[in-house]
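Visitor:
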Amino acid sequence: MARLKVVVAGAGGRMGQANIRAIAGAENLEISGALDRDGAPAIGKDAGLLAGIGEIGVSVTADAEKALDGAQAIIDFTTPAASVALAEVSAARGLIHIIGTTGCSPEDDAALVASGKGGAIIVKAGNFSLGINLLVALVSKAAAALGPGWDAEILEMHHNKKVDAPSGTALMLGEAVAAGRGVDLGAHAVMAREGHTGARRPGEIGFATLRGGNVVGDHTVFLVGPNERLELSHVAQDRALFADGALKALLWARAQAPGIYDMADVLGLN
Ligand code: NAD
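Following this note's numbering, the numbering of the sequence shown begins with 5 at its first residue and continues without gaps.
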């Protein structure tokens, strides 16, 4: 089978470089273009050299038309605005678009759904790891079994360059608690606490955020009952795991109709 031509968006970023290494190591995929924002330090550099795997003859450009020439798919870990703009291009060209970008607003998400309806095959996930997607399913089950009488708190820690909080994964875990309880996360989430907050209200789903060093991503869901506590944790040890998950999603997406999917669809967990 011919190799699938993939463009890496955010090629100069931490995840972009992990994606370049993963694609270069995959038999059935080929890096046909590399995109970054205008003025980024990566522009004009060879994508392989940036990712530490030696020259691959693909230089990073800010010109999406040029990067996408002949491409069949995009792997995109960038910013919400960049992902929304690229999804419109994906819809117009009928491309597979794997989106790992977090911090999207409800308006951004609505625009991505519209691009899925418009012809793009999108897989968007706040976390592409198998472990986290399994954890989401377990948390939902645990929250359903224990009920709102057990207080749910979600703690996450990431590296000191992360720009959004709480993490997309923490939000997925919060959604899992809410789904298990049959409630709306927005109506029960407490994103941070400070000062004289008063006592914890029953049914709250609390979030706490830590930032430091080069932590790839730690998440724990605490379910705290009277006299006992359940802690469900995941530790990401290397960004390669997200890249491997994104590639799995990409290969799965080849057989799908246009639309928007998530990692639970890819893993058959839905
Ligand atoms: P990063 O800052 O290292 O990289 C982002 C890259 O995107 C940079 O090179 C930046 O210049 C580039 N960029 C910005 N605007 C652009 C544009 N308009 N066009 C093309 N490129 C553009 O960040 P990172 O750690 O690689 O993370 C990127 C995103 O992926 C974040 O939202 C992060 O939370 C998310 N993330 C998701 C997962 C997951 O599994 N879903 C895992 C890790 C990180």
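Just so you know, even glycine gets a beta-carbon here, dropped at the ideal spot from N, CA and C.
In this structure, does DSSP put Thr173 in helix, strand or coil?
Guide: As a working note, residue 173 is residue 169 in the sequence shown. Three-state result, Thr173: helix.
Visitor: Are the beta-carbon atoms belonging to Ala115 and Ser144 less than 8 angstroms from one another?
Guide: Within the sequence shown, residue 115 is the residue found at index 111, counting from 1. Within the sequence shown, residue 144 is the residue found at index 140, counting from 1. No, Cβ-Cβ distance for Ala115 and Ser144 is not below 8 angstroms.
Visitor: Thinking C-beta only, is Leu227 closer than 8 angstroms to Ile209?
Guide: Start at 1 with the first residue of the sequence shown, and residue 209 comes out as number 205. Start at 1 with the first residue of the sequence shown, and residue 227 comes out as number 223. No.
Visitor: Measuring only the C-alpha atoms, how far is Gly56 from Ser87?
Guide: For the purposes of this step, residue 56 is taken as residue 52 along the sequence shown, with counting starting at 1. For the purposes of this step, residue 87 is taken as residue 83 along the sequence shown, with counting starting at 1. Gly56 and Ser87: Cα-Cα distance of roughly 25 angstroms.
Visitor: Please determine, among Leu271, Ile125, Thr201 and Val219, the residue with the shortest C-alpha to C-alpha distance to Pro262.
Guide: Here residue 262 refers to the residue found at position 258 when the sequence shown is read from its first residue. Nearest C-alpha to Pro262: Ile125.
Visitor: Could you check the C-alpha separation between Asp73 and Ala30 for me, to the nearest Å?
Guide: As a position in the sequence shown, residue 73 is number 69, starting the count at 1. As a position in the sequence shown, residue 30 is number 26, starting the count at 1. Their Cα atoms are separated by approximately 21 angstroms.
Visitor: Report the rounded CA-to-CA distance for Arg243 versus Asn164, giving the unit in angstroms.
Guide: Walking along the sequence shown from the start, residue 243 turns up at place 239. Walking along the sequence shown from the start, residue 164 turns up at place 160. Approximately 15 angstroms, taken between the alpha carbons.
Visitor: With which residues is Gly229 paired in a DSSP beta bridge?
Guide: Residue numbering aside, residue 229 sits at position 225 when the sequence shown is read from its first letter. Paired residue(s): Glu232.
Visitor: Within the present structure, is the beta-carbon of Lys166 separated from the nearest heavy atom of the ligand NAD by less than 7 angstroms?
Guide: Position 162 of the sequence shown holds residue 166. For the ligand NAD, at least one heavy atom lies less than 7 angstroms from the Cβ of Lys166.
Visitor: At a cut-off of 7 angstroms, is Asp40 close to the ligand NAD when judged by its beta-carbon and the heavy atoms of the ligand?
Guide: Residue numbering aside, residue 40 sits at position 36 when the sequence shown is read from its first letter. Asp40: yes, Cβ under 7 angstroms from the ligand NAD.
Visitor: Measure the C-alpha to C-alpha separation of Trp154 and Arg197 and round it to an integer number of angstroms.
Guide: In the sequence shown, residue 154 corresponds to position 150, counting from 1. In the sequence shown, residue 197 corresponds to position 193, counting from 1. Roughly 19 angstroms separates the two Cα atoms.
Visitor: Cα-Cα, which of Gly229, Phe132, Thr213 and Val239 is closest to Ala169?
Guide: Here residue 169 refers to the residue found at position 165 of the sequence shown. The residue with the shortest Cα to Cα distance from Ala169 is Thr213.
Visitor: Is Pro152 closer than 8 angstroms to Gly207 when the C-beta atoms are compared?
Guide: Within the sequence shown, residue 207 is the residue found at index 203, counting from 1. Within the sequence shown, residue 152 is the residue found at index 148, counting from 1. The answer is yes: Cβ separation under 8 angstroms.
Visitor: Helix, strand or coil: how does DSSP classify Ser63 here?
Guide: Within the sequence shown, the letter at position 59 stands for residue 63. Ser63: strand per DSSP, three-state reduction.
Visitor: What's the C-alpha gap between Val270 and Ala247?
Guide: Stepping through the sequence shown from its first residue, residue 270 is reached at position 266. Stepping through the sequence shown from its first residue, residue 247 is reached at position 243. The alpha-carbon atoms of Val270 and Ala247 are separated by roughly 14 angstroms.
Visitor: My output table needs one value for Asp168: the three-state DSSP class, helix, strand or coil.
Guide: Position 164 of the sequence shown, counted from the first residue, corresponds to residue 168. It is coil, neither helix nor strand.
Visitor: At which residues does the alpha helix (DSSP H) containing Leu53 begin and terminate?
Guide: As a first step, residue 53 must be located in the sequence shown, where it is residue number 49. Element bounds for Leu53: Ala51 to Leu54.
Visitor: Quick check on Asn274: buried or exposed, where buried means 16 or more other Cβ atoms within 10 Å of its Cβ?
Guide: Numbered from 1 along the sequence shown, position 270 holds the residue referred to as residue 274. Classification of Asn274: exposed, given that the 10 Å Cβ count is below 16.
Visitor: Between Pro262 and chain B, is there a C-beta pair that is closer than 8 angstroms?
Guide: Absent here is chain B; the protein component of the structure consists of one chain.
Visitor: Considering only the beta carbon of each residue, do Ser36 and Gly48 sit closer than 8 angstroms?
Guide: Sequence index remark: in the sequence shown, residue 36 carries index 32 (1-based). Sequence index remark: in the sequence shown, residue 48 carries index 44 (1-based). No.
Visitor: Would you identify the three-state DSSP class for Val10, choosing helix, strand or coil?
Guide: Within the sequence shown, the letter at position 6 stands for residue 10. Reduced to three states, the DSSP call for Val10 is strand.
Visitor: Which residues share a DSSP beta bridge with Asp222?
Guide: Looking up residue 222 in the sequence shown gives position 218. Answer by DSSP bridge pairing, in chain order: Met161 and Val239.
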